[in-house]
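Asks:
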Amino acid sequence: MHSELRTKRRRIGRSPSPTYKLDDEDDTYEPYVSVAQRRKEKLAKLTSWVAPSGKQKAKKEQEELEEREDEEKEEERRRERARKERTLLMEAQEVHSRKVAEDAKKTDQQRAEEADAEILEAIKSRRKLASDLELAKGISYVESLKTSWRAPRYIYERSSEHHQKVRDKYHIIVEGEDIPPPIEHFVDMKIPEPLLQSLKANRIVSPTPIQLQGIPAAFSGRDLIGIAFTGSGKTLCFCLPLIMMALEEEIKLSFIRGEGPVGVILCPSRELANQTYENVLGWCSDLAKSGKYPQLNTLLCIGGISMNEQSHIMSKGLHIVIATPGRLIDMLEKRKFTFNNCKYLCMDEADRMIDLGFEDDVRNIMSFFKGQRQTLLFSATMPKKIQDFAQQSLIRPVLVNVGRAGAANLDVLQVVEYVKQEAKMVYLLECLQKTPPPVIIFSENKNEVDDIQEYLLLKGVEAVAIHGSKTQEERQYAIKSFKSGAKDVMVASGVASKGLDFNDIQHVIIFTMPKEIEDYVHQIGRTGRSGKTGIATTFVNMNTPEPTLLDLKYLLIEAGQKVPPFLSSIDDIQGGSRLGCAVCGGLGHAISSCPKREDAQRRLMASHRANEESGGGY
18 MHSELRTKRR
28 RIGRSPSPTY
38 KLDDEDDTYE
48 PYVSVAQRRK
58 EKLAKLTSWV
68 APSGKQKAKK
78 EQEELEERED
88 EEKEEERRRE
98 RARKERTLLM
108 EAQEVHSRKV
118 AEDAKKTDQQ
128 RAEEADAEIL
138 EAIKSRRKLA
148 SDLELAKGIS
158 YVESLKTSWR
168 APRYIYERSS
178 EHHQKVRDKY
188 HIIVEGEDIP
198 PPIEHFVDMK
208 IPEPLLQSLK
218 ANRIVSPTPI
228 QLQGIPAAFS
238 GRDLIGIAFT
248 GSGKTLCFCL
258 PLIMMALEEE
268 IKLSFIRGEG
278 PVGVILCPSR
288 ELANQTYENV
298 LGWCSDLAKS
308 GKYPQLNTLL
318 CIGGISMNEQ
328 SHIMSKGLHI
338 VIATPGRLID
348 MLEKRKFTFN
358 NCKYLCMDEA
368 DRMIDLGFED
378 DVRNIMSFFK
388 GQRQTLLFSA
398 TMPKKIQDFA
408 QQSLIRPVLV
418 NVGRAGAANL
428 DVLQVVEYVK
438 QEAKMVYLLE
448 CLQKTPPPVI
458 IFSENKNEVD
468 DIQEYLLLKG
478 VEAVAIHGSK
488 TQEERQYAIK
498 SFKSGAKDVM
508 VASGVASKGL
518 DFNDIQHVII
528 FTMPKEIEDY
538 VHQIGRTGRS
548 GKTGIATTFV
558 NMNTPEPTLL
568 DLKYLLIEAG
578 QKVPPFLSSI
588 DDIQGGSRLG
598 CAVCGGLGHA
608 ISSCPKREDA
618 QRRLMASHRA
628 NEESGGGY
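All residue numbers for the sequence shown refer to the working numbering, where the first residue is 18 and numbers rise by one.
#1: Can you tell me where the beta strand (DSSP E) with Asp-195 in it begins and where it stops?
#2: For the segment 483 to 518, which segments carrying the alpha helix (DSSP H) assignment without a break, of at least 4 residues, lie completely within its bounds, in sequence order?
#3: Using beta carbons (cut-off 8 Å, strictly below), is Glu-111 in contact with chain B?
#4: Report the rounded CA-to-CA distance for Tyr-46 versus Glu-111, giving the unit in angstroms.
#5: Check the DSSP bridge columns for Asp-205 and list the partner residues they point to.
#6: Quick one: is His-113 buried, meaning 16 or more other Cβ sit within 10 Å of its Cβ, or exposed?
#7: I'd like to confirm the pairing. Which residues does DSSP put opposite Thr-554 in its beta bridges?
#8: Let's test the definition: count the other Cβ atoms within 10 Å of the Cβ of Asn-291 and tell me whether it reaches 16, buried, or not, exposed.
#9: In angstroms, rounded to a whole number, what distance separates the CA positions of Gly-334 and Ile-541?
#10: For Ser-215, which of helix, strand or coil comes out of DSSP?
#11: Taking Arg-344 as the reference, give the member of Leu-317, Arg-546, Ser-177 with the closest Cα.
#12: Bridge partners of Gln-391, per DSSP?
#13: Between the segment 569 to 586 and the segment 452 to 459, do at least 3 Cβ pairs fall closer than 8 Å?
#14: Counting only the same chain and skipping the five closest in sequence on each side, list residues whose C-beta sits under 8 Å from that of Val-279.
#15: Count the other CB atoms within 10 Å of the CB of Ile-587; is the residue buried (16 or more) or exposed (fewer)?
#16: Which runs of the alpha helix (DSSP H) spanning at least 4 residues fall entirely within the segment 253 to 333, listed in chain order?
#17: Does the segment 299 to 319 touch the segment 214 to 223, meaning 3 or more C-beta pairs lie closer than 8 Å?
#18: Of the choices Phe-395, Pro-414, Pro-209, Thr-355, whose alpha-carbon is the least far from that of Phe-2?
#19: Going straight from the alpha carbon of Ile-496 to that of Pro-453, what length do you get?
#20: Taking three-plus beta-carbon pairs below 8 Å as touching, is the segment 158 to 165 in contact with the segment 404 to 413?
#21: Let me know the secondary structure DSSP gives Gly-231 once reduced to three states.
#22: For Leu-446, report the span of its alpha helix (DSSP H) as first-last.
#23: By the 10 Å Cβ neighbour count, where 16 or more other Cβ atoms means buried, how is Gln-470 classified, buried or exposed?
#24: Do the segment 425 to 438 and the segment 545 to 564 meet, that is, are 3 or more Cβ pairs less than 8 Å apart?
#25: Could you check where the alpha helix (DSSP H) with Asn-462 kicks off and where it finishes?
#26: If you compare alpha carbons, which of Cys-256, Glu-88, Lys-451, Arg-287 is closest to Gln-493?
#27: Buried or exposed: Asp-185, going by 16 or more other Cβ atoms within 10 Å of its Cβ?
#28: Just reading off the beta strand (DSSP E) that Gly-243 is part of, what are its end residues?
#29: Among Arg-85, Ser-547, Cys-254, Val-538, which residue has its Cα nearest to the Cα of Phe-519?
#30: Among the candidates Leu-427, Ser-307, Glu-58, Ile-322, whose CA atom is the shortest distance from the CA of Leu-572?
#31: The beta strand (DSSP E) that contains Glu-418, what's its start and end?
#32: Kindly identify the DSSP beta-bridge partner or partners of Val-481.
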């Protein structure tokens, strides 16, 4: 009994348990109450406050409130379903519809300009032309290569206005900073006397426009973009600076086995590389024969020939290499020679070198250079996109342009004739009577080249053929026999159209008009060289694409040539591009309809399909 009382007192006397609060909690905090619970509480309050007659009214109001809330929830669910059903495709279609509506308000010219601008922007996104190591490490040079050459004092002291008058006199357009002065005489360029005598012996007395501005710029160590029509002397413009650089290095300290080269000249075809090699070999030989200067060793590095034949060159110090990309990469990877001391890189027909699948090879070659180099790019047809791309890649470049890039040689009389496909062979014999031999006939199709040669041989015409499927021996024989005059006619594919120099060609016949106007410019440029005149006869018919005919039409107009009626009648819907297409230089179309760009896209798609069929290359 007493124990129970004590327990009860203990319970009564115990203090209440403390209530704990969080510091940031408010005293008015209320716990979460569900919607259903709040409805019940609201209904209970209404029923407790109103009279029995008002209970029905309160209940009705409560039901209406619930209905509204249910409707709102249903509407929210419906909107959510609609959002889920609205796919990205529907949104894309709406965006496209808005774009179509906006485009409908624009003129055709505005649409074409916008399309061209988009394509050009995509082209500009290409990586600059440099080795992977330079790109990875962010290596960039800001100063041009230093050389010991200086123009004569009296030329340097002339005013900039005087220099510009000289350029205007020869229709030379230059771009760049601190441009070296033009020099009108070889002797003022400080060229060695044996070379001057050699040039005179070959009837080269004064520099051509590209030479009088290009050679001083190259002698000064500047990166250079040289653009001039076919037969204007570009080869001397980039070979002479390399010879002088190699000569200076050899005089300072003689090269021994394993050293060199000083510079390399890259060419897109074996024939062009071989021609450049023969020119350089001749000039170096003339220097050595004088007895005043040492012998410079030059290596020809092309596919189709045995390098063992040039082992005597490889066993000495190497000064100059002239090569095609594939064989050069092979020699560098095998360490037959190195570019450790190489500081001169020239690309002839540079637009082809960068554009026709050679770009990766060029980057690979650049990765073998160990230091800064002087880079020179030359071509007769260098579209705006290649110029822009090159300027991003070079160091303080000087652009020397004689005439519009891609313009035809004005010394060539262009005759365009409509000839049905089945009548071409017969009419070809008539055209051969226009001028005495030698004559070059161009066709884009290798089989057609062989057919034309066979037909001419049957008709008693001494003809040879050259195309990419011929062996190197056959190609060399064709060029040698044609140059020597043993053969009167050479039938060729595009492989012989770029840069090859044949003496006294008076007539070029284009049996099949190439799709790209650049190829046409190169082909007709095999005649009318070094100030001489020539004739180019071109066959066209219904098989010739209309964009190509438009390009041809505007090229004839630009050169002041006669435009035949069937070309004049072709309507130019787009209005062409008077500054030249940025992709191919054609005047008769915009970038968006460029045949060259479309062909490049087809090749790219074909390569992608080939990769997919072979398992994607993994």
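Don't be surprised by glycine CBs; every beta carbon is placed ideally from N, CA and C.
Replies: On the basis of the supplied data:
#1: From DSSP, Asp-195 is part of no beta strand (DSSP E); its letter is neither H nor E.
#2: 489 to 501
#3: Although the question refers to chain B, the structure presented lacks it and comprises just one protein chain.
#4: Any reading at Tyr-46 is ruled out, since the residue's pLDDT is 49, under 50, leaving its predicted position unreliable.
#5: Paired residue(s): none; Asp-205 is not in a bridge.
#6: exposed
#7: Val-432, Ile-526
#8: buried
#9: 40 Å
#10: helix
#11: Leu-317
#12: Tyr-361
#13: no
#14: Leu-259, Met-262, Ala-263, Glu-266, His-336, Ile-337, Asn-358, Cys-359, Lys-360, Tyr-361
#15: exposed
#16: 287 to 306, 328 to 331
#17: yes
#18: Residue 2 is absent from the structure shown; the chain starts at 18 and stops at 635.
#19: 18 Å
#20: yes
#21: helix
#22: 441 to 448
#23: buried
#24: yes
#25: Asn-462 -> no alpha helix (DSSP H), and no H or E assigned at all.
#26: Arg-287
#27: Asp-185 counts as exposed, since fewer than 16 other C-beta atoms from the protein chains shown sit within 10 angstroms of its C-beta.
#28: Unbroken beta strand (DSSP E) run through Gly-243: 241 to 244.
#29: Ser-547
#30: If we check each option's Cα against that of Leu-572, Leu-427 comes out closest.
#31: The displayed chain sequence assigns Asn, not Glu, to residue 418. Where Asn-418 is concerned, the enclosing beta strand (DSSP E) stretches over 415 to 419.
#32: Met-507
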